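Below is one structure; the comments refer to it alone.
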Amino acid sequence: MDPFVPNLLAGKTAFIAGGTSGINLGIAKRMAGLGAKVAVAGRNPEKAAAAAAEIGGPDVAIGLSCDVRVYASVEEALQIAVDAFGKLDIVISGAAGNFVAPALGMSANGFRTVVDIDLNGTFNVFRACYAHLNLPGASLIAISAGQAVNATMFQAHVCAAKAGINHLCRVLAMEWGPTGVRVNAISPGPIEDTEGMARLAPTPEARVAIETRIPLRRYGTKEEIGDAAVFLSSDAARYITGAVLTVDGGSELGDSRLGASLGVS
Ligand code: HXC
Ligand code: NAP
Numbered sequence: 000m001d002p003f004v005p006n007l008l009a010g011k012t013a014f015i016a017g018g019t020s021g022i023n024l025g026i027a028k029r030m031a032g033l034g035a036k037v038a039v040a041g042r043n044p045e046k047a048a049a050a051a052a053e054i055g056g057p058d059v060a061i062g063l064s065c066d067v068r069v070y071a072s073v074e075e076a077l078q079i080a081v082d083a084f085g086k087l088d089i090v091i092s093g094a095a096g097n098f099v100a101p102a103l104g105m106s107a108n109g110f111r112t113v114v115d116i117d118l119n120g121t122f123n124v125f126r127a128c129y130a131h132l133n134l135p136g137a138s139l140i141a142i143s144a145g146q147a148v149n150a151t152m153f154q155a156h157v158c159a160a161k162a163g164i165n166h167l168c169r170v171l172a173m174e175w176g177p178t179g180v181r182v183n184a185i186s187p188g189p190i191e192d193t194e195g196m197a198r199l200a201p202t203p204e205a206r207v208a209i210e211t212r213i214p215l216r217r218y219g220t221k222e223e224i225g226d227a228a229v230f231l232s233s234d235a236a237r238y239i240t241g242a243v244l245t246v247d248g249g250s251e252l253g254d255s256r257l258g259a260s261l262g263v264s
């Protein structure tokens, strides 16, 4: 059974940066399924158009081309979204880049590129959307990751960027709370059928190695992250701001094989 009442988000408008594939597209579909109008944005215009069609077509969703590293490009996409659907109630900053490389195998430009997409992109999206928010009551959500708190080898760029995102959200929550804007982050664990996990765990063996360490013993789904985003954007979360909601089956707690290795079950 659906944990949310039908049309929970009817009358709401969402802008989802990076919403043209993967987890963020999952969030867009979940929100549209509950009645929201959604604008999804990514660099590739064909991918954005296909995502909008998959979500439900022009009455429900539009696909926009933008590069979150370029402030003017974000402003332009936001304006189109607002012209189409009206002021924004929900803004998700989920655009990200990742590749696996040791720090010594990463050029300064490689490091900068990921920080620019993830962290600077989140500042750009949140800073630029403020003028278009329905106040009070708007919900801003950044998509973070466990790398924000767990030092992870070959992920220097992502660790730095996502840690910055968590802290940026806390500052914005303080600055914008008085006008009724809530700013939170979601930290997903490993999620099924995503580009992120295709890059981080490209073989079945790598996947099994990760799954056996997770307390809940499985990857999560896009729908599960969508549900967390719906919750944070709903009235049920009206007193929650500056939080990082970890939705990871317990991954961040550490390696949970210890019990088995001690023969304790
Ligand atoms: C070392 C690399 C590299 C690699 C790229 N670079 N791939 N360095 N190892 N495998 C370097 C390039 O050589 C270049 O540096 C610099 O990075 C920029 O590369 P470009 O290809 O010019 O950048 P761009 O076209 O902007 O593409 C950005 C990208 C790309 C991040 C490199 O992979 C991308 O577009 N990714 C978007 C999709 C994605 O990554 N999704 C996964 C998100 S998942 P030089 O010095 O040569 O110029 C995620 C997971 C989090 O974030 C946690 C999961 C648990
Ligand atoms: P994905 O499918 O590659 O999604 C990335 C999205 O961002 C795409 O829509 C992409 O579209 C867009 N994008 C990339 N660079 C952009 C830029 N410069 N400007 C605008 N849009 C840009 O990845 P995913 O695995 O679902 O990850 C989605 C989010 O979840 C990311 O924030 C990631 O860090 C986080 N996360 C993922 C996992 C996981 O298990 N996958 C775990 C923890 C956290 P274009 O390529 O067309 O631009």
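Counting in the working numbering, the sequence shown runs from 0 upward without gaps. Beta carbons: idealized from backbone N, C-alpha and C, even for Gly. Keep in mind the model is a prediction, meaning the values are calculated, not measured.
Is it true that the CB of L199 sits closer than 8 Å to the CB of V99? Locating residue 99 in the sequence shown gives position 100, where the first residue counts as 1. Locating residue 199 in the sequence shown gives position 200, where the first residue counts as 1. Contact: yes.
Please give the ranges of any beta strand (DSSP E) in the stretch 192-250, keeping only runs that are unbroken, at least 3 residues long and fully inside the region. Entirely contained in the stretch 192-250, the beta strand (DSSP E) runs reaching 3 residues are, in chain order, 243-246.
F110 lies in the alpha helix (DSSP H); which residues open and close that run? For the purposes of this step, residue 110 is taken as the residue at position 111 of the sequence shown. Judged by DSSP secondary structure, F110 falls within the alpha helix (DSSP H) whose first and last residues are A107 to V114.
Buried or exposed: V229, going by 16 or more other Cβ atoms within 10 Å of its Cβ? Indexing the sequence shown from 1 puts residue 229 at position 230. Classification for V229: buried.
Just checking my contact of N165 with A137 at CB under 8 Å: how many whole Å lie between their CB atoms? As a first step, residue 165 is located in the sequence shown; it is residue number 166 there, counting from the start. As a first step, residue 137 is located in the sequence shown; it is residue number 138 there, counting from the start. Taking a contact as a CB-CB distance under 8 Å, the pair N165 and A137 does not count as one, their CB atoms being some 20 Å apart.
Just to confirm before moving on: does the CB-CB distance between G62 and S92 stay below 8 Å? Within the sequence shown, residue 62 is the residue found at index 63, counting from 1. Within the sequence shown, residue 92 is the residue found at index 93, counting from 1. No. Outside cutoff.
Examine ligand 1 and report whether any of its heavy atoms sits within less than 7 Å of the Cβ of L323. Lying outside 0 to 264, the shown extent of the chain, residue 323 is not represented and no answer is given.
Under DSSP, the beta strand (DSSP E) around N183 begins and ends at which residues? Working through the sequence shown from its first residue, we reach residue 183 at position 184. First-last of the beta strand (DSSP E) with N183: V180 to P187.
Alpha-carbon to alpha-carbon, K28 and A38: Taking the sequence shown and counting its residues from 1, one reaches residue 38 at position 39. Taking the sequence shown and counting its residues from 1, one reaches residue 28 at position 29. CA-to-CA, the gap between A38 and K28 works out to about 11 Å.
Look at G41 and T12 and say whether their C-beta atoms are less than 8 Å apart. Position 42 of the sequence shown, counted from the first residue, corresponds to residue 41. Position 13 of the sequence shown, counted from the first residue, corresponds to residue 12. The Cβ-Cβ distance between G41 and T12 does not fall below 8 Å.
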